[in-house]
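Engineer:
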Amino acid sequence: MPGDLSRLLNALGLILVDTVLALAFVDQLWFRDLPCPLCILQRAAFFAAGFGLALNIVFGPRPSHYGATILGAATGAAISMRQILLYIVPGSGAYGNDIFGLHLYTWAFIAFVLMIIGSAILLLDDRQFARTEPWSTHLNVLPLTAFMVFIVLVVGNVISTLLICGGGLCPDSPSGYLILNDSLSLTQLSQAF
Amino acid sequence: MMSLPFLLFACGLGAAWLRQRGAAMGFWFAGLVVLLVLFRVHMSDVLNIAL
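Quick mapping for you: the protein sequence lines, in order, are chains A and B.
Per our numbering, the very first residue in the first sequence carries number -9; after that it's consecutive.
Per our numbering, the very first residue in the second sequence carries number 5; after that it's consecutive.
(1) Anything in chain B within Cβ reach of A:N147, meaning under 8 Å, just list it in chain order.
(2) Anything in chain A within Cβ reach of B:R44, meaning under 8 Å, just list it in chain order.
(3) So, for B:A19: in the same chain, excluding its five sequence neighbours on each side, which residues have a beta-carbon less than 7 Å away from its beta-carbon?
(4) Could you tell me the distance, in whole angstroms, from the CA atom of A:S150 to the CA atom of A:R33?
(5) Whole angstroms is fine: what's the gap from A:N87's alpha carbon to A:D23's?
(6) Do you know how far the Cα of B:L40 is from the Cα of A:T65?
(7) Taking only runs that begin and end inside the region 15 to 79 of chain A, name each unbroken alpha helix (DSSP H) of 4 or more residues, in chain order.
(8) Note down, in chain order, all residues in the region 49 to 83 of chain A with a beta-carbon under 8 Å from any beta-carbon belonging to chain B.
(9) Ordered along the chain, which non-local residues of its own chain (more than five positions away) have a Cβ less than 7 Å from that of A:C160?
(10) Less than 7 Å between C-beta atoms, sequence neighbours within five positions excluded: which residues of the same chain meet that for A:G62?
(11) Hey, is B:A27's beta-carbon within less than 8 Å of any beta-carbon in chain A?
(12) Should the region 43 to 62 of chain A be called in touch with the region 80 to 96 of chain A, which here means at least 3 C-beta pairs below 8 Å?
(13) Quick check: the Cα distance between A:Y78 and A:V103, rounded to an integer number of angstroms?
(14) What does the Cβ neighbour count give for A:G108, buried or exposed, with the cut at 16 atoms within 10 Å?
(15) Please look up how many angstroms separate the CB atoms of A:L143 and A:S(-4), rounded, as I've assumed it's under 8 Å.
(16) Once you ignore the five residues that flank A:G3 on each side, which residues in its own chain have a CB closer than 7 Å to its CB?
(17) Please state whether DSSP places A:D88 in a helix, a strand or coil.
(18) Compare the C-beta of A:L4 against all C-beta atoms of chain B and say whether one is closer than 8 Å.
(19) Identify the contact partners of B:G30 in chain A, using a Cβ-Cβ distance below 7 Å as the criterion.
(20) Are the beta-carbon atoms of A:I47 and A:A136 separated by less than 8 Å?
(21) Taking the alpha-carbon positions, what's the A:A110 to A:Y56 distance?
(22) Does the distance between the C-beta of A:Q32 and the nearest non-hydrogen atom of the ligand GDP fall short of 7 Å?
(23) Shortest alpha-carbon distance to A:W97 belongs to which of A:I5, A:I74, A:V16?
(24) Quick check on A:A14 - is its C-beta less than 8 Å from some C-beta in chain B?
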């Protein structure tokens, strides 16, 4: 597999990660399904895993970048498995909406496992690492779009998490945006005096 | 505190955009460590999986 094909496959993988993270935002903003602390950590793990793909796009494929993807995805799989186990006993409930019969944390676990398998398959081909000439700094439209959307999504998650959790740990079952509620409470308090 | 991993990954992507590979990997590693610490903090409850 030539390096350029590898770069393209990494861009397609990053677009899939972008899509998952964008759908999480749609679920949060459109369906008003606020993420729990473990859900937020799974989002962060998607960024940890996608980071390796982004580095492959910018710097060219390297084994260490695939290693970053596998470690990030393994962390995410552990977090989502923990959440699956919280609700594994029949009658113990679930968190959030389901999609096609599976909850988001179950889909997340499947996605993380697929990322590990995909990275392992891409690692099998050594020819992508044999390139001697330096990689072009110019990115094509698809890799550039994948990378820029990834940056926008991570900045969006910084803001969203700050709004939901404030500066500390998140409530177990968030009912609203903590910072906005606090600001509202402060406004009401100042009006009362 | 929960937004810290996202912030570190954002800094890492910024470093990658500026073609600073070492800094990008450093931010990624720091983000992963913080993520694991936050996971440890949130998995203090004992799982109820007795049948």
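Beta carbons are placed, not taken as given, at the ideal position from N, Cα and C, and that holds for glycine.
Structural biologist: With the structure as the only source:
(1) Against chain B, a Cβ distance below 8 Å from A:N147 picks out S7, F10.
(2) Ordered by position in chain A, no residue passes the 8 Å Cβ test against B:R44, which lies about 11 Å from the chain.
(3) Result list for B:A19: A27, A28, F31, in chain order.
(4) In a straight line, the C-alpha of A:S150 is about 12 Å away from that of A:R33.
(5) Between the alpha carbons of A:N87 and A:D23 lies a gap of roughly 7 Å.
(6) About 7 Å.
(7) List check, alpha helix (DSSP H) in window: 27 to 49, 53 to 76.
(8) Residues of the region 49 to 83 of chain A with a C-beta less than 8 Å from any C-beta of chain B: F49, S54, A58, L61, G62, T65, A68, I69, R72, L75, L76, I78, V79, S82, listed in chain order.
(9) Once the five neighbours on either side are set aside, the close Cβ partners of A:C160 are P27, I30, I154.
(10) Around A:G62, the same chain offers A35, A38, A39, F41, G42 as residues with beta carbons nearer than 7 Å, after the five sequence neighbours per side are excluded.
(11) False, the Cβ-Cβ gap to chain A never drops below 8 Å.
(12) No, the region 43 to 62 of chain A does not touch the region 80 to 96 of chain A.
(13) Note that residue 78 of chain A is Ile in the sequence shown, not Tyr. In a straight line, the C-alpha of A:I78 is about 19 Å away from that of A:V103.
(14) Buried, because 16 or more other Cβ atoms sit within 10 Å of the Cβ of A:G108.
(15) 23 Å between Cβ atoms; not a contact.
(16) The answer, listed in chain order, is L43, G108.
(17) Three-state result, A:D88: strand.
(18) Not closer than 8 Å to any Cβ of chain B, the Cβ of A:L4 fails to qualify, so no.
(19) Going along chain A, no residue has its Cβ under 7 Å from B:G30, so there is no contact; the nearest lies around 12 Å.
(20) Cβ distance < 8 Å, so A:I47 and A:A136 count as in contact.
(21) Rounded to the nearest angstrom, the two C-alpha atoms are 8 Å apart.
(22) Questions concerning the ligand GDP fall outside what the structure shown contains, since it holds no ligand whatsoever.
(23) Comparing C-alpha distances from A:W97 to each of A:I5, A:I74, A:V16 shows the shortest one belongs to A:I74.
(24) A:A14 does not count as touching chain B.
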